[in-house]
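Remarks on the structure that follows.
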């Protein structure tokens, strides 16, 4: 009995010591369920882990079972932070602001380009007849003065006389084209045929504008080419005949366009007019999803300016023809105005949507339109230089594809057939109208020139006005070009065509330019031979430079209304 009592406490102590050595806790013998998973992050109180934390963890595990109610609760209370991707959302906001700025910047360019086209168009009616009269007067009075050593006419006067002759001959040929017969012939066609015809006429107009200015430039250069040079042309008369037929055919083409538009205005259900306006929205599909760069967008902008101005003239012709048919009744004008505004509004809306999405998809900022405006202003300022090689109207034609001669011939033909000029009062009104056009032309030119100077200064393009580009061929770089770049033009060039933006500049003294001595061959250090790896890298760089297309400046890109948005 004593032995049993004596050994009892010692056995209990031994079992406690063994439990401590094994690291057991008092609650380790509690039966655990399969769902309980102990975690190392249990709350510890006075050296022992709290069993309440274990039970709390067990309840959380039980509540974490997937259920529809918990899914809906999580979806309704789920949160996120946009500031974790701040750069992306800032970029998206800037795109929205760019799209909001596009209409204003685009319309600034369109308005400036519209007045440029208007200035070139008014020049044909106002100043060109006066210049032709002065050139003819100079030609007839020169033999009487006894001046044999000088030229009969300056190159600019020869070009003016050629333009006047082309307009007179084309106007005479347009008398044989019956506008009324053409109108009724087009009106008898179905709506689908007229829609196809109108699309074909738009494509043909772009093709005519593309090739027409080349024909006129070839005529001007053939007529004014220096005689001492070897001539490779077919002669002035064949070029003149080609130019006359081009202007005549282009005028007939624009007349068919005006007749089709007139039929659309006079249709009862206006279905043709709706189809023609929907054709503008088809243009969005063909251009928005293409890749555009700055030069391509500049080309499209100039084409849109030319197209908008041409549409305005066509609408003017339609209104004149309709007013003539209704004996100039003012009430009929209010019937035409809603359709006119609808056509203009659809054209403006299509241009804004098209340019907004093109700039968005190609990541082009809205500031690019100010660069385009500065480039057009540079053309205007450079054409006013003393030694300019081209007339202002011709520079607009090359830049935008707008050729005013066919449109002017058609407008004169329509006006003369719509208005009967009889009596002294009618001629007096015609003279007053001509003087008003001259005043409008002069004021428009003054305002445009002032605005252009401001745009050129803002774009820091003043230095380019005094640059004297080389007159060599594009593929040739003669060594004498560097010598003549600071001085006068080479002796082989024509005095009136030394540069598009030529301006007399002070020549530098030869003593102020230090001559660089030839390097001594003894002092030249020889470079180590290249390794095969370096040769391979140089070869790869050479092929990359060979296949890389050179980036063109906006001032170097010419003739922007070639169809297909192509830049040579």
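Numbering (the numbering used here), first residue to last: 8 to 575. Using N, Cα and C, we set each Cβ at its ideal position, and we do this for glycine too. On a predicted model such as this, the values are computed, not experimentally measured, just so you know.
Burial is judged here by how many other beta carbons sit within 10 angstroms of a residue's own beta carbon; residue 413 has at least 16 and is buried. Residue environment: residue 342 is assigned as exposed (fewer than 16 neighbouring CB atoms within 10 Å of its CB, all protein chains considered). Between the segment 368-377 and the segment 102-110, the count of C-beta pairs closer than 8 Å reaches three or more; the two stretches touch. Runs of the beta strand (DSSP E) lying entirely within the segment 279-334 and spanning at least 3 residues: none are present.
Counting only runs of 4+ residues, the alpha helix (DSSP H) found wholly inside the segment 108-169 occupies 134-152, in chain order. In the structure shown, residue 275 falls within a coil segment according to DSSP collapsed to helix, strand and coil. Non-local beta-carbon contacts of residue 469 in its own chain, meaning distances under 7 Å to residues more than five positions away in sequence, involve 463 in chain order.
When DSSP assignments are scanned along the segment 184-246, the uninterrupted stretches of alpha helix (DSSP H) that are 4 or more residues long and fall wholly within it turn out to be 186-194, 198-231.
If you draw a straight line from the Cα of residue 96 to the Cα of residue 89, it is about 8 Å long. The Cβ atoms of residue 227 and residue 135 lie no closer than 8 Å to each other.
Residue 460: member of the alpha helix (DSSP H) spanning 430-465, first to last residue. With at least 16 other beta carbons inside 10 angstroms of its own, residue 382 counts as buried. Under the three-state reduction of DSSP output, residue 345 falls in the helix class. The criterion of a C-beta distance shorter than 8 Å is satisfied by residue 312 and residue 121. DSSP places residue 84 inside the alpha helix (DSSP H), whose first and last residues are 75-84.
The C-beta distance from residue 164 to residue 145 rounds to 7 Å, short enough to fall under 8 Å. Closest option to residue 206, judged by alpha-carbon separation, among 379, 283, 100: 283.
Nearest to residue 368 by alpha-carbon distance, out of 301, 211, 461, 194, is 301. It is roughly 22 Å from the alpha-carbon of residue 194 to the alpha-carbon of residue 422. Taking a cut-off of 8 Å for Cβ pairs, the segment 213-224 and the segment 255-263 touch, as three or more such pairs fall below it. Residues 307, 361, 365, 572 of the same chain have their beta carbon placed closer than 8 Å to that of residue 294, with the five preceding and five following residues left out of the count.
In this structure, residue 346 places its C-beta atom within 8 Å of the C-beta atom of residue 280. With contacts defined as CB atoms closer than 8 Å, residue 181 and residue 325 fail to qualify as a contacting pair.
Per DSSP, the unbroken alpha helix (DSSP H) holding residue 401 starts and ends at 399-407. Only exposed fits residue 297, as fewer than 16 other CB atoms lie within 10 angstroms of its CB.
Closest option to residue 209, judged by alpha-carbon separation, among 262, 404, 80, 197: 262.
In terms of Cβ geometry, residue 251 and residue 177 form a close pair [threshold 8 Å].
In terms of CA proximity to residue 231, 162 leads the group 457, 162, 435.
Between residue 310 and residue 219, the gap from beta carbon to beta carbon reaches 8 Å or more. Within a 10 Å sphere around the beta-carbon of residue 264 sit 16 or more other beta-carbons, which makes this residue buried. By the Cβ-count criterion, residue 395 is buried, with 16 or more other Cβ atoms from all chains shown falling within 10 Å of its own Cβ. Residue 422: member of the alpha helix (DSSP H) spanning 411-425, first to last residue. Counting along the chain, residue 379 sits inside the alpha helix (DSSP H) bounded by residues 375-390. With a beta-carbon spacing of about 42 Å, residue 287 and residue 243 fall beyond the 8 Å limit used to define contacts. If the five residues before and after residue 316 are omitted, its C-beta is found closer than 6 Å to the C-beta atoms of 121, 124, all from its own chain and listed in chain order. Distance from the CA of residue 285 to the CA of residue 185, rounded to the nearest whole angstrom, comes to 30 Å.
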